[in-house]
Amino acid sequence: MTRRRNRSAAAAASSVLLGVVVPALLLAAWEVASRAGLVRPNLLPAPSMVAATLLDLARSGELADHVEVTLLRVLFGFLLGTAAATLLGALTGYSPLWRRLLDPTLQALRSIPSIAWVPLFILWLGIFEASKVTLIAVGVFFPVYLNLMSGLQDVDRKLVEVGRVYGFSGPMLVRRVLLPATLPAYFTGLRGGLGLGWMFVVAAEFMGASEGLGFLLVDGQQTGRPAVIIGSIILFAILGKLSDLLLALAGRRFLSWQDSFTAADERNSHVADRPRLQAV
Amino acid sequence: MLRIARVSKRFDARGAGADGGVFAVANIDLTVERGEIVALVGTSGCGKSTLLRMVGGLETPSAGTIDLDGRPVAGPRPDAGFVFQEPRLMPWLSVRDNVAFGLGKLSRAERASLADAALDRVGLAASAQALPRELSGGMAQRVALARALVTRPSVLLLDEPFSALDAFTRMSLQDHLLEIWRDDRPTMLFVTHDIEEALMLADRVVVMLGRPGRIHRDEPVDLPRPRRRTDVRVARWRERLLDDLSLALSEGSPAADAVAPAAEIADDRQKRRVANAR
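Structure (structure tokens):
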């Protein structure tokens, strides 16, 4: 058992190392090209300069503020969008009447490109936090809503019948059968929603923010500091990956019973699944 | 005691008027004594599963009444355990929690000890911690049996419980079911399309035929227990039942191991006959 775990850990580590080879080579080539004067530093600064800029920002405490503001926006937008999607998705997934009543409207709203809401949200909610959080929430809403609704609809009718045999109905049936059976689809929706949340926070912070990583991007462009832009992009990548990893770990905890989830994971720990989640 | 009186079931056909719809079973009268094992055998589509589901409270009769121990069946109830054709285990629950699924408000420790006792009865005490995906088909169906037994129901309803299993697993589970029955003698009503299974297990065989299904034969199986699958008397019974199921017995009648396919052929013939009659 221990030996097998060691071996799979070693395999995972070696595959992470392999994945690092190409980026490391690219970084080295980039650095060398910059130092040799092959690329213009005002367009593409060397990696070492990006790192130095980030360090400077971090030391002054400015970076922590921007990161905190962006994280909070994503968090509140995610919570708001998830709450609405969970409520409506549960209603339309559970009851055909509610589905016929609400789903056509929501599907119609879904076909609006979400960024198109920006002017209206600013008009309604002002340029401060409310409009930004709302935009992010809209982005988070649809993946969560759609996955929850279809997850509920797809629950094996035969399992529901077992619940009925034991006299479960209403909330009891939801808690004992529907909820656990829907959890895999729900987590898929949450992860998709979080990904869109990160996409939309950039859009939201483009529209007149004075703080946040998105603001830092715009600021870097306007003040001609490409190192700041590249640094912000890298931070977005890291934060997005980390938050997704947290959700994936939570999901793994709840969904370890799944045939495909753990079983495939354990079997292929050295191939596909684990490195994707581990290489941050 | 289970009493089924003049029960009919009509399924409403889509778009049919008030007198439309399809009768699954018509005018069924059947009484099962306490502790009796009754097999419902019949051609496919004769409504035997529908009848069982009505007894279990999963369907409501269109007409007639079903009483279980003197109380009318108005829905699923704890004194009737149900075993489906498939195990239908909750994949997110351990074997123990699956067995405890139907237990009402009890403490965690009580639930666990009752579940473990039920698992012990089906010979799976060692697998209490396992997840359903780790079980073989036969093991999963035994867990389903334990889940039905854990509430100590007075009636056990089984809907083709072993039909999805291979022949050897099926035989061992049939023997196992009889052992369990010997312990606290629940009334057992089971649907099967396997004539041999009916003859090995049942005190009484009820043959249902036609659409809508009606009872064609209702007779005690007067064979001493333990029964052997190779017994001549079992073979004689089997011929009679196959005859019922409209299989004309040709010379070189089916070998003992070809019973289930033979029953299916009978099914097809019956279907064709019904179709022609219309």
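Keeping their order, the protein sequence lines are chains A and B.
Each position in the first sequence, counted from 1, maps to that position plus 63 in my numbering.
Each position in the second sequence, counted from 1, maps to that position plus 157 in my numbering.
Glycine included, C-beta positions come from ideal geometry on N, C-alpha and C.
- For residue 197 (chain B), same chain residues with a beta-carbon under 8 Å away, outside a window of 5 residues either side, are 205, 208, 209, 346, 347, 348, 349, 363 and 365 in chain order.
- Between the alpha carbons of residue 331 (chain B) and residue 232 (chain B) lies a distance of about 28 Å.
- The Cβ atoms of residue 299 (chain B) and residue 225 (chain A) lie no closer than 8 Å to each other.
- DSSP places residue 391 (chain B) inside the alpha helix (DSSP H), whose first and last residues are 389-401.
- Residue 205 (chain A) is classed as buried because its beta carbon has at least 16 other beta carbons within 10 Å across all chains shown.
- The three-state reading of DSSP puts residue 262 (chain B) in coil, since its state is none of H, G, I, E or B.
- In the DSSP secondary-structure assignment, residue 339 (chain B) is not bridged to any residue.
- Collapsing the DSSP output to three states places residue 365 (chain B) in a strand.
- For residue 181 (chain B), the uninterrupted beta strand (DSSP E) run begins and ends at 179-189, by DSSP.
- Under a criterion of Cβ atoms nearer than 7 Å, the residues of chain A adjacent to residue 239 (chain B) are, in order, 228.
- Of all C-beta pairs linking the segment 295-305 of chain A to the segment 141-148 of chain A, fewer than three are shorter than 8 Å, placing the two stretches out of contact.
- Taking a C-beta distance under 8 Å as the contact criterion, residue 263 (chain A) and residue 198 (chain A) qualify as a contact pair.
- Cβ proximity to chain A below 7 Å picks out nothing from the segment 379-398 of chain B.
- In the three-state DSSP reduction, residue 328 (chain B) falls in the helix class (H, G or I).
- Distance from the CA atom of residue 276 (chain A) to the CA atom of residue 248 (chain A), rounded to whole angstroms, is 31 Å.
- One thing to note: residue 284 (chain B) has its Cβ within 8 Å of the Cβ of residue 252 (chain B).
- Runs of alpha helix (DSSP H) with 4 or more residues, each lying fully within the segment 199-287 of chain A, are found at 220-228, 233-236, 242-269 and 276-285, listed in chain order.
- Using a Cβ-Cβ cut-off of 8 Å, residue 225 (chain A) counts as an interface residue toward chain B, since at least one Cβ of chain B sits closer than that to its own.
- Each residue's CA atom was taken as its position, placing residue 368 (chain B) and residue 165 (chain B) some 12 Å apart.
- With distances taken between CA atoms, residue 290 (chain A) lies nearest to A:118 out of A:118, A:173 and A:256.
- Distance from the Cα of residue 202 (chain A) is smallest, within the candidate group A:255, A:73 and A:306, for A:255.
- Per the coordinates, the alpha-carbon of residue 280 (chain B) lies some 18 Å from the alpha-carbon of residue 268 (chain B).
- The segment 258-276 of chain B makes contact with the segment 302-312 of chain B: 3 or more CB pairs, one atom from each, lie closer than 8 Å.
- Against chain B, the CB of residue 222 (chain A) has a partner CB under 8 Å away; the residue lies at that interface.
- Residue state for residue 312 (chain A) is assigned as helix, using DSSP reduced to three classes.
- Exclusion of the five residues before and after residue 155 (chain A) leaves 161, 162, 165, 166 and 212 as the residues of its chain whose Cβ lies within less than 7 Å of its Cβ.
- Here residue 85 (chain A) is exposed. Its C-beta has fewer than 16 other C-beta atoms within 10 Å.
- Within chain A, the residues whose beta carbon sits less than 8 Å from that of residue 243 (chain B) are 221, listed in sequence order.
- A direct Cα-Cα distance of roughly 5 Å separates residue 162 (chain B) from residue 186 (chain B).
- Contact of residue 243 (chain A) with chain B is assigned, a C-beta pair being separated by under 8 Å.
- For the segment 210-227 of chain B, the beta-carbon criterion of a distance under 9 Å to any beta-carbon of chain A is satisfied by 213, 214 and 215.
- In this structure residue 320 (chain A) is buried. Its beta-carbon is surrounded by 16 or more other beta-carbon atoms within 10 angstroms.
- For residue 258 (chain B), the nearest CB of chain A lies under 8 Å from its own CB, placing it at the interface with that chain.
- By the neighbour-count criterion, in which 16 or more other beta carbons inside 10 Å mark a residue as buried, residue 260 (chain A) falls on the buried side.
- A check of alpha carbon separations from residue 192 (chain B) across B:394, B:391, B:312 and B:325 identifies B:312 as the nearest.
- Judged by their CB atoms, residue 386 (chain B) and residue 376 (chain B) are not nearer to each other than the 8 Å cut-off.
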